[in-house]
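Single-structure report; data block below.
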Amino acid sequence: MELRHLRYFATLAETLHFTKAAERCHVTQSTLSHQIKQLEDELDVKLFDRVGKKIFLTEVGDRLLTEVIQALKQIDLAVNAIQTPPVHISGHIRIGTTYSVNTNLLPRCISDFLARHKDIRVSVEELPQSEILKALENDQLDLGIAYKPDGESTLWFDPLYTEEMVLIVAKEHLLAKRKKVRMIELNNVRMVLLSKVFGTRQKLDYYFKTIAAEPLVIAEMNAIAPIVELVRNTDLAGIVAKTAIHDNSDVCAIPLENPRPTRTTGLLWKKGKTDETVVKEFTNVIRNVLNGTSSNLI
Numbered sequence: 028m029e030l031r032h033l034r035y036f037a038t039l040a041e042t043l044h045f046t047k048a049a050e051r052c053h054v055t056q057s058t059l060s061h062q063i064k065q066l067e068d069e070l071d072v073k074l075f076d077r078v079g080k081k082i083f084l085t086e087v088g089d090r091l092l093t094e095v096i097q098a099l100k101q102i103d104l105a106v107n108a109i110q111t112p113p114v115h116i117s118g119h120i121r122i123g124t125t126y127s128v129n130t131n132l133l134p135r136c137i138s139d140f141l142a143r144h145k146d147i148r149v150s151v152e153e154l155p156q157s158e159i160l161k162a163l164e165n166d167q168l169d170l171g172i173a174y175k176p177d178g179e180s181t182l183w184f185d186p187l188y189t190e191e192m193v194l195i196v197a198k199e200h201l202l203a204k205r206k207k208v209r210m211i212e213l214n215n216v217r218m219v220l221l222s223k224v225f226g227t228r229q230k231l232d233y234y235f236k237t238i239a240a241e242p243l244v245i246a247e248m249n250a251i252a253p254i255v256e257l258v259r260n261t262d263l264a265g266i267v268a269k270t271a272i273h274d275n276s277d278v279c280a281i282p283l284e285n286p287r288p289t290r291t292t293g294l295l296w297k298k299g300k301t302d303e304t305v306v307k308e309f310t311n312v313i314r315n316v317l318n319g320t321s322s323n324l325i
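Numbering of the sequence shown is given in this note's numbering, commencing with residue 28 and proceeding in unit increments.
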């Protein structure tokens, strides 16, 4: 196995399109296909399912992708560290992010960034996914830390990590002692969810639609904190990112399955923005923090 095999795999996993992945890797489509087959043969696993012209990551491929992304970023950071001399930069960076990132990851990143670059001003806005994308496209933000956009996008997306979404209920709830809950079991269950403007809610609605389940959405909120609070004090169930409640012992977090809802968080920027030194430096800090942080602290 060589480094290029992992880079080819990561690119194909991101694009799920042989032609696009081959173009990014600057190889022919047949070369890319051959390299992926070599990797699958060497690992003795199937990394992609092929259905007609469409390809999908297998469960094994999805697990491998998480590890490969972190490994490649660590290698790139190490190479960058020895090739790039320290620079003094100044200016202003505008960042848009979601609740879980703003609560758990971003404060640490900003602290490390300002310790290195004292002449930089940092502005952070906590926004729904749709507003982050719009602000980036309109040059109102320099960098977004949010979820992978569905479908085609004019923005670049660089995945950072994939996180699990879990069911949360009060300790007295009927489902509180369950080790796992199938999503179909949430049919007609009283729930509180994010409002429909949020990408997370749209993804959950898609999951429910694919299994023909219809929860009773009694309340909709525009932030995670009030969802957790409402779950704690009522009979309503909620679904949030596991990282959003890891310090909260007042509610029960239960894994979901069939399907297992996940979301991929990453960096979003408008094409050309990574040429700006401030943005480039901040993204390097984010990757350094993630590489030095255990997954339960993300």
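We put the CB at the ideal spot given by N, CA and C, even for glycine.
Could you tell me the distance, in whole angstroms, from the CA atom of residue i to the CA atom of residue j?
{"i": "LYS175", "j": "ARG259", "result": "30 Å"}
{"i": "HIS32", "j": "CYS52", "result": "11 Å"}
{"i": "ASP393", "j": "GLN167", "result": "This structure leaves residue 393 out entirely; the chain is present only between 28 and 325."}
{"i": "LEU247", "j": "LEU59", "result": "As written in the sequence, residue 247 is Glu, which differs from the Leu given in the question. So the two alpha carbons sit approximately 45 Å from each other."}
{"i": "ASN323", "j": "LYS100", "result": "Low local confidence applies: a pLDDT of 37 at ASN323 is under 50, so the model's placement there is unreliable, with the coordinate-based value given in what follows. Cα to Cα, the separation comes out at about 19 Å."}
{"i": "ILE122", "j": "LYS73", "result": "38 Å"}
{"i": "GLU67", "j": "HIS200", "result": "45 Å"}
{"i": "VAL312", "j": "HIS119", "result": "16 Å"}
{"i": "THR93", "j": "PRO288", "result": "16 Å"}
{"i": "ARG217", "j": "SER127", "result": "24 Å"}
{"i": "ALA264", "j": "VAL193", "result": "10 Å"}
{"i": "THR310", "j": "LEU231", "result": "29 Å"}
Terminal residues of the continuous alpha helix (DSSP H) containing residue i?
{"i": "GLY226", "result": "226-237"}
{"i": "ARG31", "result": "30-42"}
{"i": "ARG290", "result": "Taken as a continuous stretch (DSSP letters only), ARG290 belongs to no alpha helix (DSSP H), being part of the beta strand (DSSP E) at 289-297."}
{"i": "ALA49", "result": "45-52"}
If you follow the beta strand (DSSP E) that residue i is part of, which residue opens it and which one closes it?
{"i": "LYS81", "result": "81-84"}
{"i": "ILE195", "result": "182-197"}
{"i": "ILE245", "result": "243-248"}
{"i": "LEU170", "result": "170-174"}
Since residue i sits in a beta bridge, which residues does DSSP pair it with?
{"i": "SER150", "result": "ARG121"}
{"i": "ILE326", "result": "This structure leaves residue 326 out entirely; the chain is present only between 28 and 325."}
{"i": "ASP76", "result": "PHE83"}
{"i": "VAL106", "result": "Answer is none; VAL106 lacks a bridge partner."}
{"i": "MET218", "result": "VAL244 and ALA264"}
{"i": "ILE281", "result": "LEU194"}
{"i": "LEU92", "result": "DSSP lists no partner for LEU92."}
{"i": "TYR126", "result": "Paired residue(s): none; TYR126 is not in a bridge."}
Near residue i, what residues of its chain come up, given a Cβ to Cβ distance below 8 Å and the 5 sequence neighbours on each side ignored?
{"i": "SER180", "result": "LEU160"}
{"i": "THR46", "result": "GLN56"}
Here's a check: name, in chain order, each residue in its chain whose Cβ is nearer than 7 Å to the Cβ of residue i, leaving out the five neighbours to either side.
{"i": "VAL278", "result": "ILE195, VAL196, ALA197, VAL255, VAL258, ARG259 and ILE272"}
{"i": "ILE96", "result": "ALA37 and PRO186"}
CB-CB under 6 Å to residue i, same chain, minus the five flanking residues each way: which ones, in chain order?
{"i": "ALA162", "result": "GLY123 and LEU168"}
Three-pair Cβ contact test at 8 Å for the stretch 127-135 versus the stretch 202-222: The stretch 202-222 and the stretch 127-135 do not touch, with fewer than three beta-carbon pairs separated by less than 8 Å.
Report yes or no: do three or more beta-carbon pairs, one from the stretch 220-240 and one from the stretch 251-269, lie closer than 8 Å? Using a C-beta cut-off of 8 Å, the stretch 220-240 makes contact with the stretch 251-269, since at least three inter-stretch Cβ pairs fall below that distance.
Is there contact here, the stretch 261-269 with the stretch 144-151, by at least three beta-carbon pairs under 8 Å? These segments do not touch.
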